[in-house]
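Chemist:
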């Protein structure tokens, strides 16, 4: 319990409230569910979350991950 308390104390200064989803939901945004299709037509779905919310069992990926950064920085949107 004490370790968790210290963890919270450490991250509190960096926390910020994320505004509601943007009006343009065709673009990648924080907390979005993203479905990707590979060359074989297989689909995989991810949710872009904060680094402390990663749960590989639930297909969450960190917003700091290479994949999430590539999608967001490249301006990917629906049907790209």
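Numbering (UniProt numbering), first residue to last: 1 to 80. We put the beta carbon where it would ideally sit given N, CA and C, even for glycine. Nothing here was measured: the structure is a model prediction, and the numbers come from that model.
Using only the alpha-carbon positions, how far apart do residue 9 and residue 71 sit?
Modeler: Cα to Cα, the separation comes out at about 32 Å.
Chemist: Can you check DSSP and say which residues form a bridge with residue 46?
Modeler: In the DSSP output, where bridge partners are listed per residue, residue 46 has 34.
Chemist: Taking the continuous beta strand (DSSP E) assigned at residue 61, which residues delimit it?
Modeler: Segment 60-62, the beta strand (DSSP E) holding residue 61.
Chemist: Using a 10 Å radius around the Cβ and a threshold of 16 neighbouring Cβ atoms, would you call residue 48 buried or exposed?
Modeler: Residue 48 should be labelled buried.
Chemist: Tell me whether residue 2 is buried or exposed, calling it buried when 16 or more other Cβ atoms sit within 10 Å of its Cβ.
Modeler: That one is exposed.
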